[in-house]
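Position in the sequence shown (first residue = 1) + 580 = this note's numbering. Read the structure below first, then the notes.
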Amino acid sequence: MLSPFKSLAHALASGLFAAYITLFLKYNFQLSIIPLVFAALISFAIIFYFLLYAVRKAENKLLNKRVLLLSLGIAGLLTISFSKKIIPGAEPHQLVSIKVTALGEKNDSAQSSEVWITKINNGARDLDLESIPLSGGWEIKNNSIASYSQQPGTLEISVREAEQLHIDFTRHSWSGKVKIEDGVKTSIVDLYHANTTEYYTYNSESGVISNPLTNDQKAVVAVISFLVLSICWYLFLLFACSKNGYFLLTIPLCLLIFFLPNALPLNGKDKLLLLALSICSYYLMKTPRAIDYLNSYTKTEKVIIFVITIYAGFAFIGYRLFLSEFPVSHIISKTTYFLLYCFWLLFIAFTFLYLTELCKRKATELSNVKKTLTHRSSFKIYITFLGIILACWLIYFIAFFPAVMSSDSLGQWEQATGMSKYNDWHPVFHTLFNKFFITIYKSPATIAFAQILFMAMVASGFFLFLYQKGVPLKWLLWSALLFALIPANGIMSVTLWKDVPFTAAMLWLTLVLAKIATDNSYFDRKTAYAELIPALVATALFRHNGLIVYILVVAVLLVYFFRTKKASIIVCIAVSVGLIGFYKVYISDPARVEPNPSAIKLMAPVHGIAAVRYYNGELAKETVQAMDRIIPDSIWLSHYRPCSADEYLFQTKRPFVQNLSALSTSKALLLYGNTLVHNPYLVIRDRLAGTDVLWDVYHHEYAYNARYNTELESNNSGLSAKDNKLKQALKSFLEFTVSNADILIWRSGFYNILLLLLLVCFLKQRKKYFLIFIPLIGCNLSLAISMTFQAFRYVYYIPMLFGFIWLLYLATTIAPAKVNDESTKVG
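Set out below in structure tokens:
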């Protein structure tokens, strides 16, 4: 028997549920009073007996303050995020129902009576056409809803929460007549249009508005909704605790985040995949071994991972929620939705970490690498890796012979062959790198082959290092094959851009730093000089921002020197400084090489000021005057693009670069800082848009993303490439990956998230392993402050580094320091 107090609480809870269900039915289905009373009684009875069963089942574990606070928090977030969906009658509910009838009629000039609907837009979002119920004669074809047989045929389009409904019809020579019934309004439109295809947009003005609630009534209904949600989540969390953890939350959170609202542009397949991911995450993480793994993390480490998931959440949905419009609307509900998304993502992040740990344990079991490898066996394994990679990339070499060259590549070719003067727009170091190889044989193919060999040798060296550190050989052979088959690697290997050898140099430097971090005797060997010095110099000089990477790596190596007293470190740093200094002072001397105008390094801050001007933000008088001295206000406004500064650099037909170069760096930064203080959102928004390809997981319509090139562009140097079937097949394959695997192959945002999680894994083992991530961090930071154009080649190093760093974590040598291990002195 329940006590009187528990019985009263039980009845009140049942009454709250019955009231909520009744209100929900009333405001969503417009039921009359009799069905509502019947629904209230039935729901009260069902909920009463369900709660009675639940209370008796968990009587000893019913009170849990931690679970109570968590359930109240989740209920609060849900109530705010999904108020339209969860709180009955929270907002006036508009339902628009439009009937579209393909009449089967046409005018004398039309060739048919087809009717094609290409898009249905509700306010700021497009509706999924596959979600529209089809009737006779209508079908989905070529991403449109079409009627071209069985006419006349009527399609009913019903939209709840309608804002401004627009329906786009195709108009061409095969189009017929369509009847549109919108409430009391009926229209017949002849869609025929001769010659070119055009579009007709129907704008709906009708809707059925339900009776709105007063503010007091809304408050009462909101409280009822919040309490009902709190009870539901409290019972669910108690059940989750009884099933070994909170990972069961991933499933309802997934349903709420991805299925309930329409905040994200996901189709049915995407939603089902996310649900499957959530279910798999739960079943994987409910095991005792998984729980032990989670418990191995300290509170500090868990907080760090949560911060990473906040960043990850922004990388996934931050643009759509907070950057796609200005000013930002519904900021509170969007923020609470964002927090719920991050909460779900936190579970997925721990699932990735645990899967990585399982792979590491399996690799340790399978590893049978000997303590020492003979030179012969090491060389044989190295050649095997090299052969796998070369065999795949030579296919691209044959297909795109002699090489893929854009206008940038051709400009450097002209410099290398003496057709034009050297300039440092693209690092002259890379131009001289190209010139060295064409002295052997004057063809772009020579450079392409040398580039393939350089990349393949560095990658093979990393694979060999991983084998020596305990990663199973079979795993590495498959990894080498996958690495070689990734289309981004294949097409980049034959594209003559500075970013390709720079990426190889970044991988090389990361490999050397991994050797330093995992081997205390590394600097005792003479090979250290032959590895570290050229890796440092190549990274610093192949691309302008490589110098920032170099400075950061040298700074960390100096710290490492003061802890280890290894004189070889100072020697390597000194020699690299000398070589880079010689290059900067002598080889790239302005007398020989035309330097970059100072305007180039000021583009990012000036573009941020231009954003404030474009959106009518607050600018100081001094800032306005400085901007007007560069180009007129009308040009700043007409040429502003959120993700690119190229319109100012190349399309103004004015002395933009010269005028901007006249502005001192200190003055530009002072103006930028003042603008940032007065317009923080607009300036930060502009910088995020300018680095979109660096951090954002998805490619958005507003951002042009140059992924790759496949042609040798027209030129005055007599260079050309012949078309062939192999080339066409590879181009089709590349296009397929853009459509079906863009975020995995042609974007870096997803890999930045995984690399941050891997950084936590490495630091959990030993702080010293931070050294491995310095090139990545340095390059990311340099791009974050300077990038003004979206091209995958700028961030190509990120997915490249991820695969090798993930495999490195599986190595048996990546482990906590032993008590008697000398390396404990350095972390």
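The beta-carbon is built from N, C-alpha and C at its ideal position, and this holds for glycine as well.
query: Any Cβ of chain E within less than 9 Å of the Cβ of T916?; result: Judged by its chain identifiers, the structure shown contains no chain E, having just a single protein chain.
query: Determine the contact status of R1346 and V1318, defining contact as a CB-CB distance below 9 Å.; result: no
query: Report back the beta-carbon spacing between R1327 and H1280 to the nearest angstrom; my notes put them in contact at under 8 Å.; result: Not really, about 11 Å apart at Cβ, beyond 8 Å.
query: On the three-state DSSP scale, how would you describe M985?; result: strand
query: Would you list, in sequence order, the uninterrupted beta strand (DSSP E) runs of no fewer than 3 residues that lie entirely inside the region 697-758?; result: 719-721, 724-727, 733-740, 745-751
query: Classify R1221 as helix, strand or coil using the three-state DSSP reduction.; result: strand
query: Please identify the residue among G967, P1007, L714, L658 whose C-alpha is closest to the C-alpha of N1176.; result: P1007
query: Given a threshold of 16 other Cβ atoms within 10 Å of its Cβ, counted over all protein chains shown, does W924 qualify as buried or as exposed?; result: buried
query: Report the residue ranges of all alpha helix (DSSP H) runs contained in full by the region 1259-1297; include only those spanning at least 4 residues, in chain order.; result: 1260-1270, 1272-1275
query: How big is the Cα-Cα spacing for Y779 and K849?; result: 29 Å
query: Roughly how many angstroms separate the alpha carbons of S1362 and V1155, rounded to a whole number?; result: 24 Å
query: Name, in chain order, the residues that DSSP records as bridge partners for N1003.; result: E1174
query: For V883, count neighbouring Cβ atoms within 10 angstroms of its own Cβ and tell me buried if that reaches 16, exposed if not.; result: exposed
query: Using 8 Å for Cβ pairs, my map puts A690 next to S753. What's the rounded Cβ distance?; result: 7 Å
query: Hey, D1004 and S1168: beta-carbon distance below 9 Å or not?; result: yes
query: Note the first and the last residue of the continuous alpha helix (DSSP H) segment covering D770.; result: Here D770 belongs to no alpha helix (DSSP H); instead the beta strand (DSSP E) covers 765-770.
query: If we count Cβ pairs, one from each stretch, closer than 8 Å, do we get three or more for the region 887-901 versus the region 1263-1277?; result: yes
query: Please state if the CB of L1044 and the CB of F965 are separated by a distance shorter than 9 Å.; result: yes
query: Hey, out of N722, W718, A943, whose CA is closest to Q731's CA?; result: W718
query: For the candidate residues T1083, A1147, V1133, whose alpha-carbon lies nearest to that of Y1102?; result: A1147
query: Assign E694 to buried or exposed, taking buried as 16 or more other Cβ atoms, counted over all protein chains shown, within 10 Å of its Cβ.; result: buried
query: So within the region 1098-1168, which uninterrupted alpha helix (DSSP H) runs reach at least 4 residues, ignoring any that extend past its ends?; result: 1107-1122, 1126-1144, 1147-1162
query: In three-state DSSP terms, what is Y1021?; result: coil
query: Between the Cα of F1369 and those of I1180, K1049, L1138, spot the shortest distance and give me the residue it belongs to.; result: I1180
query: Give me the DSSP bridge partner(s) of N1360.; result: Note: N1360 sits in no beta bridge, so no partner.
query: Exposed or buried, what is F1228 when buried is set at 16 or more other beta-carbons lying within 10 Å of its beta-carbon?; result: In the sequence on display, residue 1228 carries Tyr and not Phe. Buried: at least 16 other Cβ atoms inside 10 Å.
query: Following the continuous alpha helix (DSSP H) through T830, name the residue where it begins and the one where it ends.; result: 830-834
query: Would you check if the region 1021-1030 and the region 1193-1207 touch, i.e. whether three or more CB-CB distances between them fall below 8 Å?; result: no
query: P1355 and L1381: beta carbons closer than 9 Å?; result: yes
query: Can you round the beta-carbon distance between I1149 and L1137 to whole angstroms, since I take them to be within the 8 Å contact cut?; result: 5 Å
query: From A1391 to P1379, what does the alpha carbon distance come to, in whole angstroms?; result: 19 Å
query: Is it right to say V1399 is buried, meaning 16 or more other beta carbons lie within 10 angstroms of its own, or is it exposed?; result: For V1399, the pLDDT reaches just 44, beneath the cut-off of 50, and the residue's location in the model is therefore unreliable, although a value from the coordinates is still provided. By the 10 Å Cβ count, V1399 comes out exposed.
query: Please report the distance separating the alpha-carbon of T1011 from that of Q992.; result: 6 Å
query: With DSSP as the reference, please indicate the residues paired to K679 in a beta bridge.; result: E736, E761
query: What number of angstroms, rounded off, separates the C-alpha of D1303 from the C-alpha of S989?; result: 19 Å
query: Between A599, Y633, L643, which lies nearest to S623 when the distance is taken from Cα to Cα?; result: A599
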